[in-house]
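Residue numbers (my numbering): 2 to 378. Where a beta carbon is used, it is the ideal one built from N, C-alpha and C, also for glycine. Treat the numbers as computed from the prediction; the structure is a model and nothing was measured. Quick notes on the structure that follows.
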Ligand SMILES: Cc1ncc(COP(=O)(O)O)c(C=O)c1O
């Protein structure tokens, strides 16, 4: 059987990972400044993570959500401790799209309404509702287009109030820093106005922290900088360091009811063991602080390069905006210098999403490769 060919592939076959590096099947070493789409939070094959997953699979890999699983409570407790967020409850699932899908569903259950507001350039995943609130018509099937949704621009407070005042909006979903869209972030005033308007018009504020959460920005969640308290927060990517796990943090205004949400695989023993190990490492190795410190270093180094027009994002969720389209630069960094970077819908943006354990020396290597490529342009 052949694979259903939906991914454009680089001709590289990684077979091993270690910290901030991956190795291909010929033993070639690559610096990973992309973390496989922002997934690798604590570094490839971190020893304590490997040990935790190995030990758990030897004991019990999976049982259904119809039995007690104390690992879920331990993960929820640890999440509270490391994120500093109180008064939220945790529902576990398997991916970012599934987290958003459940968040949207819960907003609709809670308010009895169905329309959802999202923002220009947003990406929230590929399941039915999540893709309906994603700003990319080419990945929406007619089936997805049946949802009632409205797209607005960041900073359009009056447009937001106009839509919310119609009374049919269940929720507003937002990536505090946009990932795929190109690292744009609205102002604190806008996020605070959005939160106030949501509570005024009985709509749910959903923060999609699938990419920006789990310490990536130097804060545990990107919204924490703006002093808002979203009603629902979705998480995934960095949560399992590659093990598929996602979740939503649900504020105390929502009431749980048996059967309201559910999943077969979500919150399984192995996923929880991976999730707990990730939080332990983030805490014990001060990875949020490292993300904030390395960010300062990257900004200083980027300022030395005239072709970089802007450093977008925060912490280790970064976009370097050049004065030219970067597709061929990315290819050269990968094939000439063995450095993985990412792309965005803004074609002039090089996305940088490394493991949170990355060190200055890794970025020195990157900037020297970048300088030598820019000389050749
Ligand atoms: C902000 C955001 N939300 C949701 C998703 C979807 O996550 P997944 O691919 O795990 O379904 C992504 C994936 O890139 C994302 O960046």
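Residue i vs residue j beta-carbon contact at 8 Å
i: residue 206; j: residue 231; result: yes
i: residue 164; j: residue 170; result: yes
i: residue 234; j: residue 240; result: no
i: residue 353; j: residue 32; result: no
i: residue 186; j: residue 177; result: yes
i: residue 242; j: residue 22; result: no
i: residue 236; j: residue 142; result: no
i: residue 279; j: residue 42; result: yes
i: residue 333; j: residue 365; result: no
i: residue 37; j: residue 358; result: no
Candidates the options, of which the one nearest residue i by Cα
i: residue 315; options: 31, 355, 283, 331; result: 355
i: residue 264; options: 188, 43, 64; result: 64
i: residue 27; options: 33, 20, 16; result: 16
i: residue 119; options: 104, 128, 135; result: 135
i: residue 212; options: 125, 30, 48, 104; result: 125
i: residue 76; options: 357, 248, 332; result: 248
i: residue 188; options: 217, 214, 229; result: 229
i: residue 251; options: 37, 3, 80; result: 80
i: residue 217; options: 191, 335, 122, 44; result: 44
i: residue 324; options: 368, 277, 85, 312; result: 312
i: residue 183; options: 362, 203, 18, 344; result: 344
i: residue 112; options: 168, 210, 357, 36; result: 168
i: residue 90; options: 73, 102, 98; result: 73
i: residue 287; options: 320, 219, 238; result: 219
i: residue 24; options: 318, 210, 341; result: 341
i: residue 39; options: 238, 372, 339; result: 238
i: residue 320; options: 180, 78, 274; result: 180
i: residue 86; options: 336, 203, 214; result: 214
i: residue 102; options: 335, 116, 127, 88; result: 127
Residue i - partner residues in DSSP beta bridges
i: residue 15; result: 25
i: residue 319; result: 314, 353
i: residue 252; result: 89
i: residue 151; result: 118
i: residue 209; result: 235
i: residue 170; result: 116
i: residue 32; result: 22, 340
i: residue 247; result: 94
i: residue 45; result: 20
i: residue 306; result: DSSP output for residue 306 lists no bridge partner at all.
i: residue 175; result: 208
Short CB-CB distance (under 8 Å) between residue i and chain B
i: residue 210; result: In the structure shown, chain B does not exist; there is a single protein chain.
(Q) Using only Cβ atoms and a threshold of 6 Å, which residues come within that distance of a heavy atom of ligand 1? Order them by chain position. (A) 38, 96, 97, 98, 101, 124, 125, 126, 176, 180, 181, 209, 211, 212, 237
- Query: Are at least three pairs of beta-carbons, each pair with one atom in the segment 268-287 and one in the segment 345-352, less than 8 Å apart?
  - Reply: no
Does the segment 57-73 come close enough to the segment 293-307 to have 3 or more Cβ pairs within less than 8 Å? no
>> Assess contact between the segment 194-205 and the segment 138-150, defined as three or more Cβ pairs (one per stretch) separated by less than 8 Å. Is contact present?
In response: no
The segment 88-103 in contact with the segment 297-317 per 3-pair CB rule at 8 Å = no
- Message: Quick test of the definition: if touching needs 3 or more C-beta pairs under 8 Å, does the segment 216-224 touch the segment 123-134?
- Response: no
Using 8 Å as the Cβ pair cut-off and three pairs as the minimum, do the segment 49-58 and the segment 266-282 touch? yes
| said: Within 8 Å, do at least three Cβ pairs link the segment 247-262 to the segment 107-117? | reply: yes
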